[in-house]
Amino acid sequence: MSSPRFAATLEASRDDLLGVHQRLPREVRYVADLQRWLLSQATLAVHFEYKTGLSDLPISPANLLRFLEGTHVSSRNTTLSFLKEMIHYKLVEPLPSGDRRVRSYLAQPYAEDLIREWFHIHLRALDLMDNGNRFSLSQVRPDLLFHAQPLMTRYVLAEREWSDPPEAVAAFVKADSGSNLLHHLAALAAGKPVVDGKVWIGPMSSARMAQGYLISQSHTGRLFARARKLGAMGWQTTGHGRDCWLAPELVDAYHRWQAVKLSCVARAVADGAVALQAHKP
């Protein structure tokens, strides 16, 4: 956050993520809360470690639970239900086996493509911050993803500040599609001054937000009500247009939360690039 380009970096990644949310609402809803996001990253991490030979354990219920051991991300039943959904939606495919009792899986190319798009959004953003060459390296060495993504997943799982964010941030990101709403709100707050302890972001309604992200108005309203109860947002009490404000603490907490993720991605790419030297094409 100390970089003078941090705001531009965050804006670039946020705009790209919102674009993906608008273009692929069904796929994004599949990982639309923090728990499911972490589970999806963990599943792909197991897959990529198997794909690169770092592990001889492919995706399976037991191997996913082993990867998440000690993280408190989700219960055993929730983890297994998530994997069943990935199987149902054909994001993973069965790995041929002579033993029918052993059910192992590989991620489908489409699932790899989705995670690569997310990965590249963050590489471009980081390059914007420090004039790096992460994105160009990934284009030259597409297998950078296979080495860096499992590292990034392990790093974010170890960061309690990411997996257990401040209450006002958690009110959004631990709810279905809440991260989409928070990204949007933070984008509206970018560059706005703090006036009497509030960041005014203009007219805002649950109906408008719900329509934009293909979620119910009642669900959006509940998230807004929860944030309002926490003092994280509110509305003008009089006048037309009903301008909305965010608490500076929410905006700052969101920035810090995103900074943790970007730091983990940067560290994983640096470490993954070292691993590439042992896997020259």
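Sequential numbering of the sequence shown, starting at 118, is according to the working numbering. Backbone N, C-alpha and C define an ideal beta-carbon position, used for all residues, glycine too. All values reported here derive from a predicted model rather than from experimental measurement.
State the DSSP-derived secondary structure class of I332, mapped to helix, strand or coil. coil
Taking the straight line between their C-alpha atoms, what separation do you get for A306 and V391? 38 Å
Quick one: what's I176 bridged to in DSSP? Y222
When burial is assigned at 16 or more other CB atoms within 10 Å of the CB, is H357 buried or exposed? Here the model assigns H357 a pLDDT of 45, short of 50, so the residue's position is not dependable and the matter cannot be decided.
Contacting residues, own chain, Cβ-Cβ under 6 Å from G351 (five flanking each side not counted): R345 and W362
Go through the stretch 288-330 residue by residue and report every complete run of the alpha helix (DSSP H) that reaches 4 residues or more, in order. 295-306 and 323-330
What first and last residue would you give for the beta strand (DSSP E) that runs through D360? D360 to L363
Quick one: what's M350 bridged to in DSSP? Paired residue(s): L363.
Taking contact to mean 3 or more Cβ pairs, one atom from each stretch, closer than 8 Å, check whether the stretch 362-380 and the stretch 271-280 are in contact. yes
Among L340, S280, S255 and E144, which has the Cα closest to the Cα of V386? For V386, the nearest C-alpha among the options comes from S255.
According to DSSP, is V104 part of a helix, a strand, or is it coil? This structure leaves residue 104 out entirely; the chain is present only between 118 and 398.
As a quick exercise: from W374, S280 and F165, pick the residue whose alpha carbon is nearest that of Q152. S280
Taking Cβ to Cβ, would you say A242 is nearer than 8 Å to A129? yes
Identify which residue in L161, P283, G389 and T188 has its Cα closest to the Cα of P226. In terms of CA proximity to P226, L161 leads the group L161, P283, G389 and T188.
Can you tell me whether E103 is helix, strand or coil according to DSSP? Because the chain in this structure spans residues 118 to 398, residue 103 falls outside the shown range and cannot be described.
Start-to-end residues for the alpha helix (DSSP H) that takes in D133: F123 to R140
Supposed contact pair D293 and A149 - C-beta distance, whole angstroms, cut 8 Å: Contact flag correct, Cβ pair sits at about 5 Å.
Once the 5 residues before and after H164 are set aside, which same chain residues still bring their CB inside 6 Å of it? Excluding residues within five positions, the ones whose Cβ falls inside 6 Å are I176 and A224.
Can you list, in chain order, the residues of its chain whose CB lies under 8 Å from that of R183, leaving out five sequence neighbours each side? L174
Can you tell me whether R193 is buried or exposed, with buried defined as 16 or more other CB within 10 angstroms of its CB? exposed
Taking the alpha-carbon of L367 as reference, which of T337, W317 and I332 has the nearest alpha-carbon? W317
Using a threshold of 8 Å, state whether the C-beta atoms of A303 and R343 are closer than that. no
Residue from A324, G249 and K315 whose Cα sits closest to the Cα of Q353: K315
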